[in-house]
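Colleague:
There are 2 protein chains.
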Amino acid sequence: MKIELENIRPMDIEKRSFEIITEELGEKNKSLVPGTELIVKRCIHTSADFDYADNLWFSDGAVEKAEQALRDGACIVTDTKMAWSGINKRTLNRLGGEAFCFISDEDVAEEARERGITRAAVSMEKAAKLDRKLIFAIGNAPTALIRLYELIQDGTLRPELIIGAPVGFVNVVQSKELIMQTDVPQIVARGRKGGSNIAACICNALLYQISSRRD
Amino acid sequence: MKIELENIRPMDIEKRSFEIITEELGEKNKSLVPGTELIVKRCIHTSADFDYADNLWFSDGAVEKAEQALRDGACIVTDTKMAWSGINKRTLNRLGGEAFCFISDEDVAEEARERGITRAAVSMEKAAKLDRKLIFAIGNAPTALIRLYELIQDGTLRPELIIGAPVGFVNVVQSKELIMQTDVPQIVARGRKGGSNIAACICNALLYQISSRRD
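Taken in order, these protein sequences are the chains called L and E. Just so we're aligned: the first sequence equals residues 7 to 221 in our numbering. Just so we're aligned: the second sequence equals residues 7 to 221 in our numbering.
1. Can you confirm whether the stretch 142-162 of chain E touches the stretch 171-185 of chain E when touching is taken to mean that 3 or more C-beta pairs between the two stretches lie within less than 8 angstroms?
2. Note down, in chain order, every chain L residue with its Cβ under 9 angstroms from the Cβ of asparagine 61 of chain E.
3. Please specify which runs of the alpha helix (DSSP H), each continuous and at least 4 residues long, are wholly inside the stretch 12-60 of chain L, giving them in chain order.
4. Please state whether the Cβ-Cβ distance between isoleucine 45 of chain L and valine 69 of chain L is less than 9 angstroms.
5. Under 9 angstroms, do threonine 97 of chain E and serine 217 of chain E count as touching if we go by C-beta distance?
6. Provide the residue(s) that pair with alanine 143 of chain L in DSSP beta bridges, ordered along the chain.
7. Tell me whether the beta-carbon of leucine 76 of chain E lies closer than 9 angstroms to the beta-carbon of leucine 212 of chain E.
8. Residues in its own chain within less than 6 angstroms of lysine 237 of chain E by CB, not counting five upstream and five downstream?
9. Less than 9 angstroms between CB atoms is the rule here; does isoleucine 109 of chain L satisfy it with respect to chain E?
10. Quick check: is the beta carbon of isoleucine 9 of chain E nearer than 9 angstroms to any beta carbon in chain L?
11. Counting contacts by CB-CB distance shorter than 9 angstroms, is isoleucine 158 of chain L in contact with chain E?
12. Assuming isoleucine 185 of chain E is part of the alpha helix (DSSP H), what are its boundary residues?
13. Beta carbon of glycine 201 of chain L, beta carbon of arginine 138 of chain L: below 9 angstroms?
14. Residues in the same chain with beta-carbon distance under 6 angstroms from glutamine 74 of chain E, minus the five sequence neighbours each way, listed in chain order, please.
15. Using a Cβ-Cβ distance cut-off of 9 angstroms, determine whether glycine 122 of chain E contacts chain L.
16. Compile a chain-ordered list of the residues in the stretch 171-202 of chain L whose CB is closer than 7 angstroms to at least one CB of chain E.
17. Drop a sphere of 10 angstroms on the beta-carbon of proline 172 of chain E, count the other beta-carbons inside from all chains shown, and report buried for 16 or more, exposed for fewer.
18. Could you run through the stretch 15-35 of chain E and flag, in chain order, every residue whose CB is less than 8 angstroms away from some CB of chain L?
19. Taking the alpha-carbon of isoleucine 204 of chain L as reference, which of L:Ala89, L:Gln215, L:Ile123 has the nearest alpha-carbon?
Below you can see the structure in the form of structure tokens.
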């Protein structure tokens with residue numbers, strides 16, 4: 007069997023991918039909320055999963071608020087090293103922000119053991135103590151999202167944005183529904199799907215939108 | 007709306023998730039090839055996407071060969087830092103292996119610019135020079151997989167296993183079909199889907215299977 011490769015320059019691959027996604031969204035009669043298109047398309051680009059055209063929920067003005075926070079130097083906190091490593095930190099740093107992930111810290115592990123809760127939950131508490139504007143990008147642990155909900159409810163935390171994209175089967179759907187009950191700006195991948203790749207890609211989509219407007 | 011959380015200990019979440027996956031595979035009448043079950047289920051666990059019950063292709067004896075290579079101290083090469091950071095390096099190191107990713111190396115970037123090819127492709131050439139048993143876990147770049155195909159065809163490279171899970175829309179399907187034409191042991195996520203998370207999770211599934219047999 008002869009396999010035909012598309013002849014394309016490295017720099018054009020992403021552009022071509024987005025064209026294909028746009029075409030196929032049209033064929034599927036999916037219309038996206040204005041202002042959210044690049045984020046939804048980047049999630050599809052990252053996963054090849056068109057479910058994200060239906061799954062992603064944006065609270066009112068979430069994109070504008072998140073972009074403003076990033077322009078003001080907001081930091082991004084993730085629940086996994088994978089999400090952390092997927093974030094374009096060069097672009098984030100240029101805006102004055104940093105990316106943090108405390109999941110592997112020894113003090114977090116120890117406290118989680120003592121209290122019988124997940125490291126992810128403890129790592130959120132540690133992040134909540136940062137004296138910075140904070141965006142939380144959660145791609146794995148529903149327990150992280152649930153802890154954020156509790157910290158918001160008790161007034162300890164007021165994040166600029168929560169990206170709620172844990173993936174899986176136990177308390178994942180519920181953790182997202184809890185966050186959706188708050189009035190915190192949020193982008194949530196409803197249902198079971200999500201992932202560290204999705205959490206990181208939503209961060210990058212926001213960062214690239216800011217960069218492209220500056221160019 | 008009252009949201010009911012499942013009351014479960016942190017240590018039991020993964021077990022419960024796998025039970026749900028097994029139940030739902032049964033309801034969907036999906037039967038998995040013996041010996042591949044834990045890998046397929048872990049991919050579903052990582053993505054909440056049951057498409058992986060159909061997408062994953064295993065060459066003959068791929069799992070056994072990969073496990074033997076890892077027990078012999080094989081190293082894992084990834085095409086992204088995200089995949090690298092998702093691999094359980096503690097377990098890998100215990101077996102004598104290491105994980106490598108050269109995508110961000112300055113010499114790789116420079117050579118890619120000069121030759122007008124992707125950094126991913128150049129990073130595969132750099133990895134092919136390692137004098138170690140090698141497993142390639144490709145979760146992003148079809149150009150990495152295509153370069154591996156070429157290196158195998160010209161006799162430069164003979165990997166222990168290729169995990170072919172790039173994701174996306176341009177040359178992704180073709181790159182996987184190329185690898186499937188070789189006789190190299192392989193686990194391929196056919197079609198457009200895949201990702202750094204899937205590449206890492208297949209590595210971890212193999213590592214955990216080896217560890218659990220040793221316990």
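Virtual Cβ for every residue (Gly too), placed ideally from N, Cα, C. Since the model is a prediction, treat every value here as computed from it, not as a measurement.
Modeller: The answer reads as follows:
1. yes
2. Residues of chain L passing the Cβ test: none, with the nearest at roughly 10 angstroms.
3. 19-33, 43-53
4. yes
5. yes
6. L:Thr84, L:Ile169
7. yes
8. With chain E covering only 7 through 221, there is no way to say anything about residue 237 of chain E.
9. no
10. yes
11. no
12. 178-186
13. no
14. none
15. yes
16. Val173, Gly174, Phe175, Val176, Asn177, Gln180, Glu183, Leu184, Arg198, Lys199, Gly201, Ser202
17. buried
18. Arg15, Pro16, Ile19, Arg22, Ser23, Ile26, Ile27
19. L:Ala89
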